[in-house]
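Asker:
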Amino acid sequence: MTDRKKLANAIRFLAMDAVQQANSGHPGAPMGMADIAEVVFNDFLKHNPQNPHWINRDRFVMSNGHGSMLPYAALHLSGYDLSMDDLKKFRQLHSKTPGHPEYGYTPGIETTTGPLGQGIANAVGMALSEKLLAEQFNQNDHQVIDHHTYVFLGDGCLMEGISHEACSLAGTLKLGKLIAIYDDNNISIDGKVDGWFTDDTPARFRAYGWQVIEAVDGQNASKVKAAIAAAKENKTQPTLICAKTVIGYGAPNKAGSHDCHGAPLGPEEIQATRVALNWPYAPFEIPESIYQAWDAKAKGADTENTWQRQFDAYTNEHPELATELQRRMAGHLPQNWTERVQAYVAQTAQDAPQMATRKASKHALEGLGPLLPEFFGGSADLTPSNNTFWSGSKSINNGDFSGNYMSYGVREFAMSAITNGMALHGGILPYSATFLMFSEYARNALRMAALMKIRNIFVYTHDSIGVGEDGPTHQPVEQTPTLRMIPNMHVWRPCDAVESVVAWQAAVEKTDGPTCLLFTRQGVDHQTRTDAQIDNIYKGAYVLIDSKSTPEVIVIATGSEVGIAAKAVTQLNHDGVPTRLVSMPCAEAFEQQDESYQNAVLPISVTKRVAVEAAQGDFWYKYVGLNGEIISQNTFGESAPGNVLFEHFGFTVDNIIKTVKSL
1414 MTDRKKLANA
1424 IRFLAMDAVQ
1434 QANSGHPGAP
1444 MGMADIAEVV
1454 FNDFLKHNPQ
1464 NPHWINRDRF
1474 VMSNGHGSML
1484 PYAALHLSGY
1494 DLSMDDLKKF
1504 RQLHSKTPGH
1514 PEYGYTPGIE
1524 TTTGPLGQGI
1534 ANAVGMALSE
1544 KLLAEQFNQN
1554 DHQVIDHHTY
1564 VFLGDGCLME
1574 GISHEACSLA
1584 GTLKLGKLIA
1594 IYDDNNISID
1604 GKVDGWFTDD
1614 TPARFRAYGW
1624 QVIEAVDGQN
1634 ASKVKAAIAA
1644 AKENKTQPTL
1654 ICAKTVIGYG
1664 APNKAGSHDC
1674 HGAPLGPEEI
1684 QATRVALNWP
1694 YAPFEIPESI
1704 YQAWDAKAKG
1714 ADTENTWQRQ
1724 FDAYTNEHPE
1734 LATELQRRMA
1744 GHLPQNWTER
1754 VQAYVAQTAQ
1764 DAPQMATRKA
1774 SKHALEGLGP
1784 LLPEFFGGSA
1794 DLTPSNNTFW
1804 SGSKSINNGD
1814 FSGNYMSYGV
1824 REFAMSAITN
1834 GMALHGGILP
1844 YSATFLMFSE
1854 YARNALRMAA
1864 LMKIRNIFVY
1874 THDSIGVGED
1884 GPTHQPVEQT
1894 PTLRMIPNMH
1904 VWRPCDAVES
1914 VVAWQAAVEK
1924 TDGPTCLLFT
1934 RQGVDHQTRT
1944 DAQIDNIYKG
1954 AYVLIDSKST
1964 PEVIVIATGS
1974 EVGIAAKAVT
1984 QLNHDGVPTR
1994 LVSMPCAEAF
2004 EQQDESYQNA
2014 VLPISVTKRV
2024 AVEAAQGDFW
2034 YKYVGLNGEI
2044 ISQNTFGESA
2054 PGNVLFEHFG
2064 FTVDNIIKTV
2074 KSL
C-alpha cells in the first residue's frame, strides 16, 4: 500500500466512522473519491487553512454535496478550524458538520450544496468572477487575481438540467480555470444508472467547448495528478476529468453497490474494511504521521505570504486599484454611497417621472450604477424587456471580460445559481433578470441564496396580469406570495419610480440575504410624498394617504395597484369615509420594524381593512384578519390587454370603493 493510499484512507475511515456514529449519511462517495481529494488538496489546491477567506485562494466545491464527509475530512486533516469533535458531531444540531455542506457553518466550505447540479453552476459563477476580476485588476506583472475553481460532481449532477445550462455557458465563456472532476461510478440511489443515464458525457462536454480527459483511474493518484496537471495547462477551455471510481471503495461486501450510497456501512462492514485496507486504528483515530503529511498550514501560510508580498508591490504601484479591490472583496459600499443615493431619490421624487416600474428600475440603475463598479448585470434573453442594460453597461458576450453585463441565454435556473457563485466568490455584486413568471424555473437557486444569506439581486419584470395579451402562461399569479414565503428573502414590489430607486438601494444594502425586485410592464402613476414619507419607504410600509380624522378603514396595496387604490381612497375620504392608504412595497422590511412603528402604520384599533394586490391573496390575511377583505387574483389570468384584465378581475377604483363601503 502506498503512502498516498494511506492518506486517502484517512478520508475513507473518517467518513465511514462519522456516518456510522450519526447513523445516517452517505459514505460511498467520500470513499470512492478519497484518492482524488487527496491529490487535489495535497498537490494542487492553493489555500491557507489559517485564513479561509484569503482572496486569491483556489475555490473547492463539492457539487454532489451528499458526500459532505469528504470535504469535512479533508479540511480537518489539512488543518482548518474543524476538530475531531466536530467530525464526531456530524449531522447533529448546531454542529459545524451538517448533513450537506453549508456555507457559513464550516471553515473552507465555499457554498451550500446538496440539491444536485447547483454546485457546478455555483462553480461556473466563481470561475467567471475570477476571470472578471483578473481582467479588471491585474496589471502587467502583477497577477493579484489568479486562482482556479475545482468542483467534484457525480452522475446526479449531470442528470439535472441545470448542469446542461451552466456547463454550456461555461464552455462558451472559455473559463479555462474551471476544473470539474466527474465521479463516474455508475451508481445512484436506485442502483446502476445504466437503466436511466446512458449519455455520452465526454461527447456532450466536448460539444459545449470543454476539454475532456476521459477514463482516468480515480483510485490511482498518479493518473489523477497527471489529468489535473493537463487541465491546468489549458487556459482557454474548462476541463472535465472523467474519473472512473468504485463507490464505497474498500468495503468488501458493499463497494460498487448502491447499498453504500446513502446509509451507514454497519459495524461489521466497517471492521471488514479496516482489515481489507490494512487500517489498524480505532474509530476517529488518525496517526500523527498522516496528520503531518496532510497538514497544509505552513505551506498555506507561505503561499499566502508570497502573494501578500506581490500584493504589497501592486499596492505601491497601483494604490487606487488595490484599495478598490480590497473594498469590493470585503463587500463594503463606496464612500458617500448613502448621501449620493438619497440625493438621487430626492431628484426622482422631484422629477416625478411617469413610467412602468420596469423602466423606473432602469432609471434607478442609471443613478446607482455609476456608484457601483462591482455591479454585474444580466438577463435570461430578455434584456430589452427587463430594462437591465443601462447606459454604463458593457457586455462580455463578445469575449471582452472588462465588461459588466452578460446575456445568459434562456437559462433562468443556471443564471440564478451562477450569480450565487459570483456573490460567494466576492468582489462582484450580481443582479439578474427575467419575467416574474419564470422565477419558477429558478426557484431552488433563490432558496439557496436565502439559505446561505448572500447578497444577490433577482430582478423580475412583467409582475402580474398587467402583462396582458401574452395570457395566463406569462401572467404570474402565485409567484409573488410564494417568493415571500422563502425565509430571509426580501421581496420589493414598488409602485412608482421613487419606490423603485429605494427598492434598489435596499437590495444593494442588504448584505445578509437576497432580494427579489418585482416590476410592472404597464405604466403607473407617480405618487406625491413628503420627505418623511420617502424616509419611511425604507421601512417597507408607510402611510401614503391619510384621512383628516381617525381612519375607520385601512387599505393596503402594492405595486401597480397602489395608484388605483390612491384614487379610490381619495374618493372615499371625499365621500366622508375616513380611509387610510398604506403602501407596502416590502412586507419583510416592514416586519423588521419595531412594534411602535408597525402600530403607527397599521393601528390595532382599526380592524376594517382591505388589501389590494394582483396576485393570489392568502398572504394578506395576516394583515387584514379573517374579517377583512382582499381584492386579489385567485384564478389564472386571460389573454387580453392589461387594462381590460384589471377591469375584468376587479382591480378598479369602483370595486375598491364598493369593498370598503361593504365593511
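The sequence shown lines up with residues 1414 to 2076 when you count with the numbering used here.
In this text, a Cβ means the ideal position worked out from N, Cα and C, and glycines have one as well.
Values in this document were obtained by computation on a predicted structure and should not be read as measured data.
#1: Could you compute how far the alpha carbon of LYS2071 sits from the alpha carbon of ARG1860?
#2: Of all the alpha helix (DSSP H) runs that stay within the bounds of the stretch 1904–1980, which reach a length of 4 or more residues?
#3: Check PHE1789 in the structure and name its three-state DSSP category.
#4: Would you call the CB atoms of GLY1834 and ALA1534 closer than 8 Å?
#5: Please determine if the stretch 1684–1694 and the stretch 1706–1720 are in contact, where contact requires at least 3 C-beta pairs separated by less than 8 Å.
#6: DSSP state of PRO1843, grouped into three classes?
#7: Per DSSP, what kind of secondary structure is HIS1466 in: helix, strand or coil?
#8: In angstroms, rounded to a whole number, what distance separates the CA positions of TYR1821 and HIS1987?
#9: Can you name, in chain order, every residue of its own chain whose Cβ lies under 7 Å from the Cβ of GLY1782, other than the five neighbours on each side?
#10: The beta strand (DSSP E) spanning CYS1580 covers which residue range?
#11: For TYR1704, name the three-state secondary structure that DSSP assigns.
#12: Where does ARG1617 sit, in a helix, a strand or coil, going by DSSP?
#13: Considering only the beta carbon of each residue, do ILE1876 and GLY1972 sit closer than 8 Å?
#14: Hey, could you find the ends of the beta strand (DSSP E) ILE2070 is sitting in?
#15: Give me the Cα-Cα distance between ALA1846 and GLY2038, rounded to the nearest whole angstrom.
#16: Using a 10 Å radius around the Cβ and a threshold of 16 neighbouring Cβ atoms, would you call SER1601 buried or exposed?
#17: Measure the Cβ-Cβ separation of THR1761 and VAL1911 and say whether it is below 8 Å.
#18: Given that a residue counts as buried once 16 or more other Cβ atoms are within 10 Å of its Cβ, and exposed if not, what is VAL1915?
#19: Roughly how many whole angstroms lie between the Cα atoms of ALA1689 and PRO1440?
#20: Taking the straight line between their C-alpha atoms, what separation do you get for LEU1500 and THR1943?
#21: Closest to ALA2028 by CA distance: which of ASP1568, GLN2005, PRO2016 and GLY2063 is it?
#22: What does a CB cutoff of less than 8 Å around PRO1680 pick up in its chain, not counting 5 residues either side in sequence?
#23: Could you tell me which residues DSSP pairs with GLY1604 in its beta bridges?
#24: What distance in whole Å lies between the Cβ atoms of ALA1954 and VAL2101, which are believed to be in contact at a cut-off of 8 Å?
#25: Would you call ARG1906 buried or exposed, if buried means 16 or more other Cβ atoms sit within 10 Å of its Cβ?
#26: Over what stretch of residues does the alpha helix (DSSP H) that includes GLU2026 continue unbroken?
#27: Of the choices HIS1674, HIS1513 and GLN2006, whose alpha-carbon is the least far from that of MET1429?
#28: Give the C-beta separation of GLU1730 and HIS1555 to the nearest angstrom, bearing in mind that I take them to be a contact with Cβ-Cβ under 8 Å.
#29: Which residues in the same chain have their Cβ closer than 6 Å to the Cβ of SER1576, if we skip the five residues on either side of it in sequence?
#30: Keeping to the same chain, check which residues put their C-beta closer than 6 Å to that of GLU1515; ignore five residues upstream and five downstream.
#31: If you draw a straight line from the C-alpha of GLN1940 to the C-alpha of ALA1759, how long is it?
#32: In chain order, what are the residue ranges of uninterrupted beta strand (DSSP E) at least 3 long that sit wholly in the stretch 1809–1893?
#33: On the premise that GLY1936 lies in contact with MET1768, defined as a C-beta separation below 8 Å, what is that separation, rounded to the nearest angstrom?
#34: Flag this pair as yes or no: are the beta carbons of GLN1888 and SER1852 separated by less than 8 Å?
#35: Have a look at GLY1622, ASP1613, PRO1991 and PHE1550 and flag the residue whose alpha-carbon is nearest the alpha-carbon of ASN1599.
#36: Count the other C-beta atoms from every protein chain shown that fall within 10 angstroms of the C-beta of ARG1722, then say buried if there are 16 or more, exposed otherwise.
Answerer: Concretely, from the data shown:
#1: On the sequence shown, position 658 is the one that residue 2071 refers to. On the sequence shown, position 447 is the one that residue 1860 refers to. Cα to Cα, the separation comes out at about 39 Å.
#2: 1910–1922 and 1944–1950
#3: Numbered from its first residue, the sequence shown carries residue 1789 at position 376. Strand.
#4: By 1-based counting over the sequence shown, the position of residue 1834 is 421. By 1-based counting over the sequence shown, the position of residue 1534 is 121. It is a contact, given that the beta carbons lie within the stated cut-off.
#5: no
#6: Along the sequence shown, one-based indexing puts residue 1843 at 430. Three-state DSSP puts PRO1843 in a strand.
#7: As a working note, residue 1466 is residue 53 in the sequence shown. Three-state DSSP puts HIS1466 in coil, outside helix and strand.
#8: By one-based count along the sequence shown, residue 1821 stands at place 408. By one-based count along the sequence shown, residue 1987 stands at place 574. Approximately 51 Å, taken between the alpha carbons.
#9: Your numbering for residue 1782 matches position 369 in the sequence shown. The answer, listed in chain order, is PHE1788, TRP1803 and GLY1805.
#10: Residue 1580 sits at position 167 when you count from the first residue of the sequence shown. Where CYS1580 is concerned, there is no enclosing beta strand (DSSP E), although the alpha helix (DSSP H) it sits in stretches over 1574–1586.
#11: Within the sequence shown, numbered from 1, the residue matching residue 1704 stands at position 291. Of the three classes helix, strand and coil, the one that applies to TYR1704 here is helix, per DSSP.
#12: Here residue 1617 corresponds to residue number 204 of the sequence shown, with the count starting at 1. If DSSP states are grouped into helix, strand and coil, ARG1617 belongs with the helices.
#13: The sequence position of residue 1876 within the sequence shown is 463, counting from 1. The sequence position of residue 1972 within the sequence shown is 559, counting from 1. At residue 1876 the sequence reads Asp, which differs from the Ile that was named. Cβ atoms of ASP1876 and GLY1972: closer than 8 Å.
#14: Translated into the one-based positions of the sequence shown, residue 2070 becomes position 657. That residue, ILE2070, is in no beta strand (DSSP E); its alpha helix (DSSP H) goes 2066–2075.
#15: On the sequence shown, residue 1846 is found 433 positions in, with the first residue counted as 1. On the sequence shown, residue 2038 is found 625 positions in, with the first residue counted as 1. Distance between the alpha carbons of ALA1846 and GLY2038 is about 34 Å.
#16: Position 188 of the sequence shown, counted from the start, is the residue given in the question as residue 1601. With 16 or more Cβ atoms within 10 Å of its Cβ, SER1601 is classed as buried.
#17: Walking along the sequence shown from the start, residue 1761 turns up at place 348. Walking along the sequence shown from the start, residue 1911 turns up at place 498. Cβ atoms of THR1761 and VAL1911: closer than 8 Å.
#18: Here residue 1915 is taken as the residue at index 502 of the sequence shown, counted from 1. VAL1915 is buried by the Cβ-count criterion.
#19: Position 276 of the sequence shown, counted from the start, is the residue given in the question as residue 1689. Position 27 of the sequence shown, counted from the start, is the residue given in the question as residue 1440. Spanning the two alpha carbons is a distance of roughly 16 Å.
#20: Along the sequence shown, one-based indexing puts residue 1500 at 87. Along the sequence shown, one-based indexing puts residue 1943 at 530. Each residue's alpha carbon lies about 57 Å from the other.
#21: Translated into the one-based positions of the sequence shown, residue 2028 becomes position 615. Taking only the C-alpha atoms, the option nearest ALA2028 is GLY2063.
#22: Locating residue 1680 in the sequence shown gives position 267, counting from the first residue. Hits under 8 Å: GLN1433.
#23: Along the sequence shown, one-based indexing puts residue 1604 at 191. According to DSSP, which records beta bridges pairwise, GLY1604 is partnered with SER1601.
#24: The chain is shown only over 1414 to 2076; residue 2101 falls outside these bounds and no answer can be derived.
#25: The sequence position of residue 1906 within the sequence shown is 493, counting from 1. Under this definition ARG1906 is a buried residue.
#26: By one-based count along the sequence shown, residue 2026 stands at place 613. No alpha helix (DSSP H) holds GLU2026; DSSP gives it neither H nor E.
#27: Position 16 of the sequence shown, counting from 1, holds the residue named residue 1429. The residue with the shortest Cα to Cα distance from MET1429 is HIS1674.
#28: Start at 1 with the first residue of the sequence shown, and residue 1730 comes out as number 317. Start at 1 with the first residue of the sequence shown, and residue 1555 comes out as number 142. That pair is a contact at about 7 Å.
#29: The sequence position of residue 1576 within the sequence shown is 163, counting from 1. Cβ within range, chain order: GLY1530, ILE1533 and CYS1570.
#30: The sequence position of residue 1515 within the sequence shown is 102, counting from 1. THR1525, listed in sequence order.
#31: Translated into the one-based positions of the sequence shown, residue 1940 becomes position 527. Translated into the one-based positions of the sequence shown, residue 1759 becomes position 346. Taking the straight line from one Cα to the other gives about 13 Å.
#32: 1818–1820, 1842–1848 and 1870–1874
#33: On the sequence shown, residue 1768 is found 355 positions in, with the first residue counted as 1. On the sequence shown, residue 1936 is found 523 positions in, with the first residue counted as 1. Indeed they touch by this definition, with Cβ atoms about 6 Å apart.
#34: For this step, residue 1888 is matched to residue 475 along the sequence shown. For this step, residue 1852 is matched to residue 439 along the sequence shown. For GLN1888 and SER1852, no; Cβs fall outside 8 Å.
#35: Taking the first residue of the sequence shown as position 1, residue 1599 is located at position 186. Ranking the options by Cα distance to ASN1599, first place goes to ASP1613.
#36: Position 309 of the sequence shown, counted from the start, is the residue given in the question as residue 1722. So ARG1722 counts as exposed.
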